[in-house]
Every structure is written in structure tokens, then in C-alpha cells.
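S.K.: Numbering (my numbering), first residue to last: 1 to 301.
Handing you a structure now.
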Ligand SMILES: [Zn+2]
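Printed below as a string of C-alpha cells:
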């Protein structure tokens, strides 16, 4: 699982900082998460092939999370893309994008498929044989979702020594891997756990931006390997969280701790700050394993 931060700042694009966008590479997918201004330039900078992006997840319709989208859609068209593009976003985005395409008479020559979201409950929005994506309803000034990307469980491993000893016909190996008990050549029932080993653990990534401190998300993101939680402010500006419905680094760390995640990645920093080491320091007073997102940085988990 590889996470590339294209941008991790709030509000406006500036010379050296980009608004929110990131790419999650997991099980052969390149999922684009949010698409602030400048995203397509950053994709090029990181040599991420446009054709590999087939699914885009937009958390909410504040500009710093999606103003790069219409440009990206338009560039895909100019590059004569043919493959489908799926966009998962709050209801209303389709209207915005189609109006822009209509007025410029620039309809895409590839299928553009909108999956508009309006549920306030977590829902499964994408699934294939290896992965699931669920929404994480967040509490922000407008309708907002985070996203939980989760590998599906792997098959159990055969303990070949035990399998041979138990005299099980090869025809049953598939069933064993799927967790079933089977009958051996002597007609005896063999309990699955006596001849198989636990599968390799699955990985998960929870993206939660933008949101005020909300413990409602804990059951959904519980024990995620990695949690990206916004930390727009430091402690000294905690009062701004109430008005803007954002979080401090310490609040993000509290969620990480209560949800028992393995790693917390902080981001969505307010552009009022010049350095970010204090974000880490304040978060680590609550939760040890903290990484700071930085524009252009990749993490492998
Ligand atoms: Zn926002």
C-alpha cells in the first residue's frame, strides 16, 4: 500500500504548497482522493500515469478539495482517453461538472460516471474481488465523507504437513483455503483450523478530511492500519475549530488512539503556519506513531 501526498494544505494554493489531493496505490488500483487545484501538475511531477486513474473520490465540495477536477477531466479528454472514469462525490458535483462541459461544448469522449453520495450513514461504494471502499461520514460545514479503503481477507494457508497427515484429497484444498471443514479419504471430518494457518493480514487506509473532532467515526475506522486525519490547527487556535469545523493535531491524535489505529498521518494544515513540527509534537503527547504529510512525499505501509 503506497500513499503519495500531492497536496496536504487547506484553503488556497500557494507557491510551495498545494491544496488537498493524494493517490493511494493498493491492489493494482490508483485511487485519487480529492483533487485540489494543481493536482494534474503534481500527477505529472510524480509520473503517475493518467490512464491508471479510474476512480476519483471527492470528500466534499469546498474548493480546496475539488477545484482541480474539471481541469483533470478536460485534460483526459484532450489526451483522447477512452477508459471509464468513476467519480464518487457529494450530490451536486455532476451538475457543476456537466454545466462546465456544456458551456464549453467539451463533452468527454470517454465514459464519465458519477456516483453521487448523500447518505449520512457509512456505505459501501466500491468493491471488486480484492478491495472495498466505504464512506466515513464526517462532521464539517457542508456534507462531507471520508473514505475507508480495505483489502478483502486473504484465503487461509494450507499447513501442508498437517494436510498430508490428515489424508485429505487434493480436490478439497480450495475449500480448506476458504475456511471450510472437509471429509478426508477415510471418511473422517477434519476441522479446518487443524490443517490451515491464518491468512496474511489485510491492510486498510482511512482518509478523514475535513472534519471537526467526532468520535462517531471511531467504529468505522477502528484498527485501520493508517489513518489520515486532518489537523488544520494547533492547540493555540483550537477556538477556530468550532467555527470552521476542523480539528487540531491533538484531536486527530485522540481519535487515532481511541480507534486503535497503527499509524496516524496528519495533514490539511492551515496556511497560517510556517512549520509543521509542532503538529507532530502536540499529537505525540496523545499518540506515539505520528507521521506528517508533506506535499510530494510518499509513504509505504
Ligand atoms: Zn472543507
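No residue lacks a Cβ here, since even glycine has one placed at the ideal position from N, Cα and C.
Looking only at its chain, what residues have a beta carbon closer than 7 Å to the beta carbon of residue 290, apart from the 5 residues adjacent to it on each side?
M.R.: 253, 264, 266, 280, 283 and 284
S.K.: Could you pull out every unbroken alpha helix (DSSP H) segment of at least 4 residues lying fully inside the region 234-289, listed in chain order?
M.R.: 238-244, 249-258 and 277-284
S.K.: Around ligand 1, what residues have a beta-carbon under 5 Å from a heavy atom of it, in chain order?
M.R.: 62 and 210
S.K.: Check this for me: beta carbons of residue 211 and residue 144, under 8 Å apart or not?
M.R.: yes
S.K.: Which residue wins for smallest C-alpha separation from residue 133, given the options 206, 246, 244 and 107?
M.R.: 206
S.K.: Straight-line CA distance for residue 96 to residue 204?
M.R.: Here the alpha carbons of residue 204 and residue 96 stand approximately 32 Å from one another.
S.K.: Hey, residue 127 and residue 91 are a contact pair by Cβ (cut 8 Å); roughly how many whole angstroms apart?
M.R.: About 21 Å; that fails the 8 Å criterion.
S.K.: At what residue ranges does the region 174-218 contain a whole run of the beta strand (DSSP E), taking only runs of 3 or more?
M.R.: 204-208
S.K.: When the Cα of residue 129 is compared with those of 53, 154, 55 and 217, which residue comes out closest?
M.R.: 154
S.K.: Would you check if the distance between the CB atom of residue 183 and the CB atom of residue 189 is smaller than 8 Å?
M.R.: Cβ distance < 8 Å, so residue 183 and residue 189 count as in contact.
S.K.: When DSSP labels each residue in this structure, what does residue 297 get in the three-state scheme?
M.R.: coil
S.K.: In or out: residue 274 buried (at least 16 other Cβ within 10 Å) or exposed?
M.R.: Exposed.
S.K.: Using beta-carbon positions only, say whether residue 114 and residue 94 come within less than 8 Å of one another.
M.R.: yes
S.K.: So what's residue 64 in DSSP terms, helix, strand or just coil?
M.R.: helix
S.K.: Tell me whether the region 171-179 and the region 104-111 touch, counting them as touching only if at least three CB pairs, one residue from each stretch, are closer than 8 Å.
M.R.: no
S.K.: How many angstroms separate the CA atom of residue 87 from the CA atom of residue 59?
M.R.: 11 Å
S.K.: Unbroken beta strand (DSSP E) runs of length 3 or more, entirely within the region 20-53: which are they?
M.R.: 21-26 and 29-35
S.K.: Thinking C-alpha only, which one of 81, 148 and 64 is nearest residue 53?
M.R.: In terms of Cα proximity to residue 53, the closest of 81, 148 and 64 is 81.
S.K.: Relative to the C-alpha of residue 199, which candidate in 258, 220, 158 and 301 has its C-alpha closest?
M.R.: 158
S.K.: Assign residue 170 to one of two classes, buried (16 or more other C-beta atoms within 10 Å of its C-beta) or exposed (fewer than that).
M.R.: exposed
S.K.: What are the start and end residues of the alpha helix (DSSP H) that includes residue 130?
M.R.: It is not in any alpha helix (DSSP H) - residue 130 carries neither H nor E in the DSSP assignment.
S.K.: Taking residue 299 and residue 3 to be in contact with their CB atoms under 8 Å, please state how far apart those CB atoms are, rounded to whole angstroms.
M.R.: 5 Å
S.K.: Looking at the strands, I want to know which residues DSSP matches up with residue 14.
M.R.: 17
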